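Single-structure report; data block below.
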Amino acid sequence: MKKFTILLVTFLGLNALAQNNTVKESEVAVNDLIKGTLFTPANPSANTKLVIIIAGSGPTDRNGNQAGMNNNALKMLAQSIAQNGNAAYSYDKRILAMAKTGKLDESSLNFEDFIKDAKDVIAYFKAKKTYSKIIVAGHSEGSLIGMEAANGNADGYISIAGSGRPIDQVIMDQLKAQPQQMRDSAAKYFAILKDGKTFKLDDPSMAFLFRESVQPYMISWMKYKPQQDIKALKIPVLLVNGTKDLQVAVSEAELLHAAKPDATLELIPNMNHVLKTIENGDAENAASYGKPDLPENPKFLTVVNQFIKSI
Numbered sequence: 012m013k014k015f016t017i018l019l020v021t022f023l024g025l026n027a028l029a030q031n032n033t034v035k036e037s038e039v040a041v042n043d044l045i046k047g048t049l050f051t052p053a054n055p056s057a058n059t060k061l062v063i064i065i066a067g068s069g070p071t072d073r074n075g076n077q078a079g080m081n082n083n084a085l086k087m088l089a090q091s092i093a094q095n096g097n098a099a100y101s102y103d104k105r106i107l108a109m110a111k112t113g114k115l116d117e118s119s120l121n122f123e124d125f126i127k128d129a130k131d132v133i134a135y136f137k138a139k140k141t142y143s144k145i146i147v148a149g150h151s152e153g154s155l156i157g158m159e160a161a162n163g164n165a166d167g168y169i170s171i172a173g174s175g176r177p178i179d180q181v182i183m184d185q186l187k188a189q190p191q192q193m194r195d196s197a198a199k200y201f202a203i204l205k206d207g208k209t210f211k212l213d214d215p216s217m218a219f220l221f222r223e224s225v226q227p228y229m230i231s232w233m234k235y236k237p238q239q240d241i242k243a244l245k246i247p248v249l250l251v252n253g254t255k256d257l258q259v260a261v262s263e264a265e266l267l268h269a270a271k272p273d274a275t276l277e278l279i280p281n282m283n284h285v286l287k288t289i290e291n292g293d294a295e296n297a298a299s300y301g302k303p304d305l306p307e308n309p310k311f312l313t314v315v316n317q318f319i320k321s322i
């Protein structure tokens, strides 16, 4: 069960392109709910671009971490971008700010909240008129959030371990190794949610996915069809996935590429979901989720920085 509970908890080194090791980090609050870190290169110029990094599912912070799962995946990405002469802004998801104030009501959340947050971040930095281009990079669930927010608002888009299908189909695939009874229950519950209805959960073992407070969010998330929505993007697109990703298979990136053939597709050998290099099996893979000092996959960083440079 570990593979998909990581996906839904709520639900380095320098690469060869590195130009300067000096990175300035500053706290930037876009509004009361959105706070993050701006990573700025040593010598910014009028041509400096900004990459807005959107985290994946659950209570994920600006660094890509959750309680008990510190890997610094997004922090390392942001640092690499700044080391290569561009800026990066990575922010905490709104649920973290809400939890700190005691105002977190899971049942009130919907997918559109996170799209709005991403659009607010884009608008905030556009208004500053500091950067020559704005690129949106979303990881995992953040890929779809970024896809929706970037449309008509950004100059480039990067999908990192993003799904090509609606989330219910992805989760059903993740459940293939589980007992038939669990798969049958999930299929039944997803069918109800797909009709836009909530239900009283009669199987406590499925609460990690279908507890009543998260059902409205799941309904709003399932409505989005990444393969259809990516076609609307009229900007440069990079699709990245690792071959050792236990949560999002490379076939998801391939589905997105099939829907948008002019996008750049990069499948990174031996990279996992938290962007680390995995040489051996699942035990090493799972352990990497809790290793914040384990370097990021160097080819991944090179690919991302080359794409940013090309825009």
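Numbering (my numbering), first residue to last: 12 to 322.
C-beta: ideal position from N, C-alpha, C; glycine also.
Quick caveat, the model's predicted, so the values are computed rather than measured.
Bridge partner(s) assigned by DSSP for Pro303: Per DSSP, none; premise fails for Pro303.
Provide the residue span of the beta strand (DSSP E) that contains Tyr142, from first to last. No beta strand (DSSP E) contains Tyr142, which DSSP labels as neither H nor E.
Let me make sure I understand the geometry here. Which of Ile182, Asn283, Phe136 and Leu88 has the alpha-carbon closest to that of Ser299? Looking at the Cα atoms, Asn283 is the closest of the given residues.
Per DSSP, what are the beta-bridge partners of Val34 in this structure? Partner residues in the beta bridge of Val34, as assigned by DSSP, are Pro52.
Using only the alpha-carbon positions, how far apart do Val62 and Ala108 sit? Each residue's alpha carbon lies about 22 angstroms from the other.
Whole-Å CB distance - Ala172 paired with Val259, under 8 angstroms assumed: Taking a contact as a CB-CB distance under 8 angstroms, the pair Ala172 and Val259 counts as one, their CB atoms being some 5 angstroms apart.
Excluding the 5 residues preceding and the 5 following Ser383 in the sequence, name in chain order all residues of the same chain whose CB lies nearer than 7 angstroms to its CB. Absent from the model: residue 383. The displayed extent of the chain is 12 to 322, so no value can be given.
Measuring only the C-alpha atoms, how far is Pro177 from Met233? Taken atom to atom, the span from the alpha-carbon of Pro177 to that of Met233 is near 6 angstroms.
Per DSSP, Leu252 is paired with what? Checking the sequence, you will find Asn at residue 252 rather than Leu. DSSP lists Leu278 as partners of Asn252.
Separation of Ser170 from Gln180, as counted between CA atoms: Between the alpha carbons of Gln180 and Ser170 lies a distance of about 18 angstroms.
From Asn76, Ala93, Asp43 and Met80, residue whose alpha carbon lies closest to that of Lys301: The identity of residue 301 in the sequence shown is Gly, whereas the question assumes Lys. In terms of Cα proximity to Gly301, the closest of Asn76, Ala93, Asp43 and Met80 is Met80.
Taking C-beta to C-beta, are Ile106 and Leu115 nearer than 8 angstroms? Taking 8 angstroms as the Cβ cut-off, Ile106 and Leu115 qualify as a contacting pair.
For Tyr313, three-class secondary structure by DSSP: The residue you asked about is not Tyr; residue 313 is Thr in the sequence shown. If DSSP states are grouped into helix, strand and coil, Thr313 belongs with the helices.
For Asn54, count the other beta carbons within 10 Å of its own beta carbon; 16 or more makes it buried, fewer makes it exposed. Which is it? Around the Cβ of Asn54, a 10 Å sphere holds fewer than 16 other Cβ atoms; the residue is exposed.
Within 10 angstroms of its Cβ, does Gly153 collect 16 or more other Cβ (buried), or is it exposed? Counting Cβ neighbours within 10 Å, Gly153 comes out buried, since at least 16 surround it.
Using beta-carbon positions only, say whether Ile145 and Ala165 come within less than 8 angstroms of one another. Yes, these two residues count as a Cβ contact at 8 angstroms.
Report the start-end ranges of each beta strand (DSSP E) in the region 88-151 that is 3 residues or longer and not cut off at the edges. Listed in chain order, they are 98-102 and 145-150.
Leaving out five residues on either side along the sequence, give the residues of the same chain with a beta carbon under 8 angstroms from the beta carbon of Ala78. These residues qualify, in order along the chain: Pro70.
Between the region 263-270 and the region 288-298, do three or more beta carbon pairs fall short of 8 angstroms? Taking 8 angstroms as the limit for Cβ pairs, the verdict is that the region 288-298 does not touch the region 263-270.
Provide the residue(s) that pair with Leu61 in DSSP beta bridges, ordered along the chain. According to DSSP, Leu61 bridges with Ala98 and Ile145.
Straight-line Cα distance separating Tyr142 from Gln185: Distance between the alpha carbons of Gln185 and Tyr142 is about 40 angstroms.
Residues that DSSP places opposite Ser170 in a beta bridge: Residue pairing by DSSP puts Ser170 in a beta bridge opposite Gly149 and Leu250.
What are the boundary residues of the alpha helix (DSSP H) that includes Val285? Looking at the DSSP string, Val285 is not in any alpha helix (DSSP H), and its letter there is neither H nor E.
How many Å lie between Asn31 and Ser91 at the Cα? With a pLDDT of only 47 at Asn31, under the threshold of 50, the placement of this residue in the model should not be trusted; the figure read from the coordinates follows. Each residue's alpha carbon lies about 10 angstroms from the other.
Are Ala264 and Leu249 closer than 8 angstroms when you measure CB to CB? Contact flag unset, no.
Beta-carbon proximity list for Pro303, same chain, < 7 angstroms, skipping 5 on both sides: Excluding sequence neighbours, Pro303 sits near Asn81, Asn82 and Asn83.
For Gly175, three-class secondary structure by DSSP: Coil.
Note down the Cα distance separating Ala93 from Gln239, rounded to an integer number of angstroms. For Ala93 and Gln239, the distance between alpha carbons rounds to 32 angstroms.
Beta-bridge partners of Val39, as assigned by DSSP: According to DSSP, which records beta bridges pairwise, Val39 is partnered with Gly47.
CA-to-CA distance, Tyr200 to Ile64, given in whole angstroms: Whole-angstrom Cα-Cα distance: 32 angstroms.
Could you tell me which residues DSSP pairs with Met80 in its beta bridges? Paired residues: Gln77.
Please tell me whether Val41 and Val147 are closer than 8 angstroms, where the distance is taken between their beta carbons. Taking a C-beta distance under 8 angstroms as the contact criterion, Val41 and Val147 do not qualify as a contact pair.
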